[in-house]
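**Q**
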């Protein structure tokens, strides 16, 4: 059995309809049955409208949550080579704006924050637990040059790659 949630803006309509129902039940004349059937029909139509709106919103939410889940999976798989929201949006057949809107609806982080967070995690891991030169780490994570990599690390952590490596 489907369930609906009656919000404040709809509760007034239902209250009025119920009052008319009660008045009509007390009438007991030749037209009462017809009127009650009409009121019942109106009641059911209001319920169906609310149900359709709510189920459409649930479907939209499920779709956007699915896209966010797929985005996170793709970031985990491609963070070394795909560094822009546009690259992931293309893989998801969405626009960057649509992707960002999905994140606004459900998550307190932006898509670029997720990408940068994953790249930072890998950079810190490589700096702390390997002897790979900083230049190679920058190349592996698609920064192009050491300066861009250093700027990224400094902006994200307040420390240089060398400082992180020494910890």
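Numbering (the working numbering), first residue to last: 43 to 209.
Cβ atoms here follow ideal geometry from the backbone N, Cα and C, with glycine treated the same way.
Since we're looking at a predicted model, the values are computed, not measured.
#1: What did DSSP end up calling residue 96 once you bin it into helix, strand or coil?
#2: Express the C-alpha separation of residue 209 and residue 140 in angstroms, rounding to a whole number.
#3: Taking the C-alpha atoms as reference points, what is the distance between residue 123 and residue 181?
#4: Sort 143, 196, 119, 145 by Cα distance to residue 133 and report the nearest one.
#5: Taking the CB atoms as reference points, tell me whether residue 92 and residue 46 lie closer together than 8 Å.
#6: If you scan the stretch 100–149 from start to end, which runs of the alpha helix (DSSP H) of 4 or more residues do you find wholly inside it?
#7: Which value, in whole angstroms, describes the spacing of the CA atoms of residue 49 and residue 66?
#8: Once you ignore the five residues that flank residue 53 on each side, which residues in its own chain have a CB closer than 7 Å to its CB?
#9: Report all residues from its chain with a CB closer than 8 Å to the CB of residue 160; omit the five preceding and five following residues, and keep chain order.
#10: For a minimum of 4 consecutive residues, which ranges assigned as the alpha helix (DSSP H) are wholly contained in the stretch 155–207?
**A** Quick answer:
#1: Looking at residue 96 - three-state DSSP - the assignment turns out to be helix.
#2: Near 40 Å, if we compare the C-alpha coordinates of residue 209 and residue 140.
#3: Residue 123 and residue 181: Cα-Cα distance of roughly 10 Å.
#4: That would be 119, whose Cα lies nearest to the Cα of residue 133.
#5: Inclusion of residue 92 and residue 46 in the CB contact set at 8 Å is warranted, their separation being smaller than that value.
#6: Fully contained in the stretch 100–149 are the following alpha helix (DSSP H) runs of length 4 or more, in chain order: 127–133, 138–148.
#7: Approximately 25 Å, taken between the alpha carbons.
#8: Around residue 53: no qualifying Cβ.
#9: These residues qualify, in order along the chain: 117, 118, 121.
#10: Counting whole runs of 4 or more residues, the stretch 155–207 contains the alpha helix (DSSP H) stretches 176–182, 188–199.
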